[in-house]
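Accompanying notes for the structure given below.
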Amino acid sequence: MPKQVISTDQAPAAVGAYSQGIIANGFIFTAGQIPLIPGTSSLREGGITAQTRQSMNNVKAVLEAAGSSLDKVVKTTVFLADINDFAAFNAVYAEFFADNPPARSTIQAGGLPVGALVEIEAVATLD
Numbered sequence: 113m114p115k116q117v118i119s120t121d122q123a124p125a126a127v128g129a130y131s132q133g134i135i136a137n138g139f140i141f142t143a144g145q146i147p148l149i150p151g152t153s154s155l156r157e158g159g160i161t162a163q164t165r166q167s168m169n170n171v172k173a174v175l176e177a178a179g180s181s182l183d184k185v186v187k188t189t190v191f192l193a194d195i196n197d198f199a200a201f202n203a204v205y206a207e208f209f210a211d212n213p214p215a216r217s218t219i220q221a222g223g224l225p226v227g228a229l230v231e232i233e234a235v236a237t238l239d
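Following the numbering used here, the numbering of the sequence shown begins with 113 at its first residue and continues without gaps.
Structure, rendered in structure tokens:
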């Protein structure tokens, strides 16, 4: 099965040589989602809490455009600009994955695009 590119206006448009998501072999792989407000180039204000919520909503939009959902996420990778934001990030993240959360890696990044405090990518099943 060839890969399929996913694109939605419900998440920030790709601003480089990447796709918002790719379907391959029964999985959807999202690009890292920073807290840009869809349809704009504006970064969500309000600190790590608001930025985590926006990034998660962006991930959700890409998954749904592919025919998947947050319930089908098997792995996320999270990049934080400051690991000291972990507790506040985790509190919001847990709202999206209340039951049976996916596997996750969380690291502090040296820097994120446009001054974002968080970037989140996900891998989910399509079934």
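Glycine included, every Cβ here is placed at the ideal spot set by N, Cα and C.
- Rounded to whole angstroms, G138 and P114 show a C-alpha spacing of 11 angstroms.
- If you check the CB distance, L182 and L192 do not come in under 8 angstroms.
- The region 212-231 and the region 130-150 touch, with no fewer than 3 CB-CB distances between them shorter than 8 angstroms.
- Between the C-alpha atoms of D211 and I219 there is a straight-line separation of about 23 angstroms.
- When rounded, the separation of the alpha-carbon atoms in D194 and V117 is 32 angstroms.
- Where R156 is concerned, there is no enclosing beta strand (DSSP E), because DSSP gives it neither an H nor an E.
- At a cut-off of 4 residues, the continuous stretches assigned as alpha helix (DSSP H) that sit fully inside the region 130-179 are 159-177.
- When the five nearest sequence neighbours on each side are left out, the beta carbons in the same chain lying within less than 6 angstroms of the beta carbon of S217 are those of T189, in order along the chain.
- Q122 places its beta carbon less than 8 angstroms from that of A177.
- A125 carries a coil assignment under DSSP once its states are collapsed to helix, strand and coil.
- When DSSP states are grouped into helix, strand and coil, L182 belongs to the helix group.
- Relative to the Cα of N170, the nearest Cα in the group A221, A126, G159, V226 belongs to A126.
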